[in-house]
Amino acid sequence: MENSLDAAESLKIPPEVYVRLSYEGEATPETQIYKLRVEDNGIGIQPRHIPSAFGQVLFGSKYKLKQQRGTFGLGGKMAILYGQITTHQPATITSSTGIAKIYSYKLMIDIQKNRPIIVDRKVLINKDQWRGTLVEFSLEGDYLRAMPKILDYFKQTAMVNPYANLTFVDPKGRLYKFTRVTKEMPTPPKETLPHPYGVDVELLQRLIQVTPYNNMLEFLRNHFHRVGEITAQKFLEYSQLSPSKNPRKLSHEEIVRLMHMLKKFKDFLPPDASCLSPLGEDLLKTGIQKELNPEFIAVHQRKPATYAGHPFIIEVGIAYGGEVPRRGSFLMYRFANRIPLLYDEASDVSVRVITSMNWRRYHVSPDMPMAILVHICSTKVPYKTVGKEFIADRVEVRREIANGLREVARQIQLFLSRREHVDRDRKRLGVFSKYLPKIAQFSAKLAGKEKEPDIEKLLTSVKKYGAEEEEE
Amino acid sequence: MERKRKKSKSNIIEKRKEVLAELGNFGVNIYDQINEGRFPSIDMPSRSTENIAYDKQLRQFILGDRKVRRSARNIRHLKPFTQLVWAAFFSNELASQRKTSTLRDVYYSAQAYEMTFKDQQESNNIITDLETVLGLSREDFNIFPEERSAVFGDLTIEYTVPGYEGKTLNLDSHPDGVLIGPALTSSEFVKTTADKVIAIEKGGLFTRFIEENVHKKHNALLVLTAGQAPRATRHFIRRLNSELKLPVYIFTDGDPWGMHIAMVIISGSANAAHLRELNTPDAKWSGVWATDIVDYKLPTDPLDEVDMKRLNELQRDPRYIGPLWRREIKTFMKIKRKAEQEAFSRYGLTYIVDEYLPTKLEETK
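Protein chains in written order, with our numbering: chain A, 15 to 486; chain B, 185 to 549.
(1) Would B/K514 and B/D491 qualify as a contact pair, given that the criterion is a beta-carbon distance under 8 Å?
(2) Quick check: the Cα distance between A/I59 and A/F182, rounded to an integer number of angstroms?
(3) Hey, does A/L473 have any beta-carbon neighbour from chain B nearer than 8 Å?
(4) Spell out the partners DSSP gives A/F349 in its beta bridges.
(5) Anything in chain D within Cβ reach of A/K463, meaning under 8 Å, just list it in chain order.
(6) Using a beta-carbon distance cut-off of less than 9 Å, what residues from the stretch 293–322 of chain B approach chain A?
(7) Note down, in chain order, all residues in the stretch 427–453 of chain A with a beta-carbon under 8 Å from any beta-carbon belonging to chain B.
(8) Return the bridge partner residues of B/K468 from the DSSP annotation.
(9) Taking the alpha-carbon of A/K141 as reference, which of A/K448, A/I113, A/I131 has the nearest alpha-carbon?
(10) Please classify B/A296 as buried or exposed, where buried requires at least 16 neighbouring CB atoms within 10 angstroms.
(11) What residue from A/P325, A/R366, A/E329 has the CA that sits closest to A/R344's CA?
(12) Confirm, please, whether the CB-CB distance from B/V362 to B/A383 is below 8 Å.
(13) From A/L148 to A/A172, what distance separates their C-alpha atoms?
(14) Between which two residues does the beta strand (DSSP E) carrying A/D281 extend?
(15) Would you grab the beta carbon distance between A/P210 and A/F238 for me? Rounded to a whole angstrom, and I think it's under 8 Å.
(16) Which residues bound the alpha helix (DSSP H) around A/K459?
(17) Should B/N276 go down as buried or exposed, given a rule of 16 or more other Cβ atoms within 10 Å for buried?
(18) Contact between the stretch 495–504 of chain B and the stretch 523–541 of chain B: three or more CB pairs below 8 Å?
(19) Is there at least one Cβ from chain B nearer than 8 Å to A/A333's Cβ?
(20) My output table needs one value for B/L405: the three-state DSSP class, helix, strand or coil.
(21) Which whole-angstrom value describes the C-beta separation of A/D362 and A/I405, a residue pair presumed to lie in contact below a C-beta threshold of 8 Å?
(22) Can you tell me which of A/H435, A/V411, A/I57, A/Q425 puts its alpha carbon nearest to the alpha carbon of A/R375?
(23) With respect to the alpha helix (DSSP H) encompassing B/M228, which residues constitute its N-terminal and C-terminal limits?
(24) With distance defined between alpha-carbon atoms, name the residue in A/R194, A/L165, A/C289 nearest to A/H324.
(25) Considering only the beta carbon of each residue, do A/I116 and A/T106 sit closer than 8 Å?
(26) Rounding to the nearest angstrom, what Cα-Cα distance links A/I244 and A/K26 in this structure?
(27) So, helix, strand or coil for A/P210, using DSSP?
(28) Taking only beta-carbon atoms, is A/A406 less than 8 Å away from chain B?
(29) So, is B/Q281 buried or exposed, given that buried needs 16 or more other C-beta atoms within 10 angstroms?
(30) In this structure, does DSSP put B/S255 in helix, strand or coil?
(31) If B/D466 sits next to B/N425, beta carbons under 8 Å apart, how far is it from one beta carbon to the other, in whole angstroms?
(32) Could you list which residues in chain B have their beta carbon closer than 7 Å to that of A/K478, in chain order?
(33) Return helix, strand or coil for A/R159, following the three-state DSSP convention.
(34) Can a CB atom of chain A be found closer than 8 Å to the CB of B/K549?
(35) Name, going along the chain, the residues of the stretch 264–293 of chain B whose beta-carbon falls closer than 8 Å to a beta-carbon of chain A.
(36) Count the other C-beta atoms from every protein chain shown that fall within 10 angstroms of the C-beta of A/M92, then say buried if there are 16 or more, exposed otherwise.
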């Protein structure tokens, strides 16, 4: 599904994703076999790439960087692989880029050789000019146990993709529809070169293998972000490398040293953030409104920042009241590159920041109906573990999250105090409207007057100036 | 003794006129303030403890000069202010229609006007406020406590309540005594042969006194206070004393509480510091004293902790400066015993009437 969203967004068309999970039969007493079908309206895949794209792990190499949901292109393949391991069934991939033909492959993965096995291949006529990709495979699982997380996943995905239509049909035939509320989409990220602070040995080696340049100066200038001729010269001087040295002749030790020097050199400019595609404050607000329907929303996007050469942007949102439930603690939504993070909440840096914040300063308490959303976008999300479920506690990231949360906290404080004010004024006027007529009525009778005294003047002055609050 | 009826009668009528006038003025005051486009406010003496002082001349507690302002502009005051105006209105209805009511009744009546009181205490407080504002006691505007005290003896009264106007009654006509209620307190005194008033704390002894013809033997009106005397009863005793010039003798249990029942009749209470004419400064506490317990060798109970605490409080009370009071408090503290009025029964049922009473009346004359 994440690939589907990426595929549509790269075309700048609002994504339509259809997911169906259908029951196939019993596997073990605890688990069942399901067929998973994911269909999108994305860019489609060139027919010759289909087998490798789905049947070969670590296909394709990324020499350029941009923010994407997946990092290594592993998710889809791992899912198919998991299905194959548990059910030993081939996966069917059908795709078209909108041309006259639709290609359909039945694939399995040769795990030992890391190669796709084409079980069957069909070419269909694309009468309706369909464009997109449809993946279908079987897998073993326990839907009932996984259901809450799956639904959470959809709901939260819908929250940060308010421009997408998401449909999910579960094994019981229940339809979950998350309808788009906008066609506005975030600006897609631009591809950028890796920043010298963020490289590792593996990346250097790959670059050296493919580079057409025969000297270090050109190599540095052409393969790294924010490195121009002057910077490259300065760096080579600093690291005592000859500008004319052929990068292909670097020994392994020299490559490791190069990496360390790249990280140590102080004069590289920080990476720019055009490779990032944050959701933006408006879309964030739209998404929160759509899925949580709160009474009040405050959102804030931080300016781009970097950690270890990787640019990142923090977006935060806070939702109060309305349909947000009262839980006794804040409801937490975490996202990385528009993917919901569902597990290991307690270990996440956002939760740590929230816990250490002095919310009372903002007149906010955990027993209020309140949800907090933290979204990090980065070319390299600082996950703590390979499970990619929570964000590591890095100083730079923590600072950005904290500053973002402070900003939205100030907004909610303003909202709460303003509302309290309005409430108080309304209540006060209510009290005066209740009692003044009675005073008028009783005093008129006591005084033996036919006509009650006019209290309008007094009520007007309450509306205008409020009332005395001083203690007796 | 024949009283000058005319003067007496005008007392009650004058009082009623005064009450209605005060309530009317109160209404006009508020009405005019609203009409002038101002939030109505009223000033009244503060009833806080700092503003209550004992006046040696008046021989009762009075309020000092400190005032509080209740303003309808202040949202905290608004509800009590409205309640106060309602209470004045309601009292005016009662007084002008010559109906009576009780505090409990006030609490419920308010609901008919969509004027809710949180609880009885809140409505009681508002009535006390009204007393303070007007300088009148609630009985004056026909709000009475539950009646429980009674009077017996040769006193002819003339009713002023609607339906009974002009009718007379002699208070010795019923052997259980006559309830001191609204009808009796608003009556005129016509004539009496009594030359003293004996106030008694407990119903048992009150009945015994009637059975033993104390009223005849001692030419007395007997008043049952039934514990702490209600304000209407205190006012009634005062009237007996001031209008009929009858000396008043008070008999209570021999303990700190009985002693204080007598004191409140004599010097009034701090709670009623905003009111006048509820106390009878010349009344006498005739017994049972602590020294009587010793002298008459009465059967006793020990004073418990609460009793001792009360004694300590009374010792600091400005009303207890007289030598008799100081002596009795001291004796109580020394003997640490108390005795009820019934304790005299150890010497026979009539001993208290035949021996003790005459002695004490003579002693405290």
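The beta-carbon is built from N, C-alpha and C at its ideal position, and this holds for glycine as well.
Quick answer:
(1) no
(2) Taking the CA atoms as reference points, A/I59 sits about 23 Å from A/F182.
(3) No - not a single Cβ of chain B is within 8 Å of the one on A/L473.
(4) A/P354, A/H389
(5) The question asks about chain D, but that chain is absent: this structure's protein chains are A and B.
(6) Y297, E298, M299
(7) R442, V445, F446, Y449, L450, K452, I453
(8) B/Y433
(9) A/I113
(10) exposed
(11) Contrary to the premise, residue 344 of chain A reads as Phe rather than Arg in this sequence. The shortest Cα separation from A/F344 among A/P325, A/R366, A/E329 belongs to A/R366.
(12) no
(13) 20 Å
(14) Neither: A/D281 is in no beta strand (DSSP E) and is coded neither H nor E.
(15) 5 Å
(16) 409–461
(17) Buried, because 16 or more other Cβ atoms sit within 10 Å of the Cβ of B/N276.
(18) no
(19) Answer no: the Cβ-Cβ gap between A/A333 and chain B never drops below 8 Å.
(20) DSSP places B/L405 in strand when its eight states are reduced to three.
(21) That belief holds up - the Cβ atoms of A/D362 and A/I405 are roughly 5 Å apart, short of 8 Å.
(22) Cα-wise, what sits closest to A/R375 is A/Q425.
(23) B/M228 -> not in any alpha helix (DSSP H); beta strand (DSSP E) instead, spanning 225–229.
(24) A/C289
(25) no
(26) 37 Å
(27) helix
(28) no
(29) Result: exposed.
(30) strand
(31) 6 Å
(32) Result: empty, since nearest Cβ-Cβ is about 13 Å, beyond 7 Å.
(33) helix
(34) no
(35) F265, T266, V269, W270, A272, F273, N276
(36) exposed
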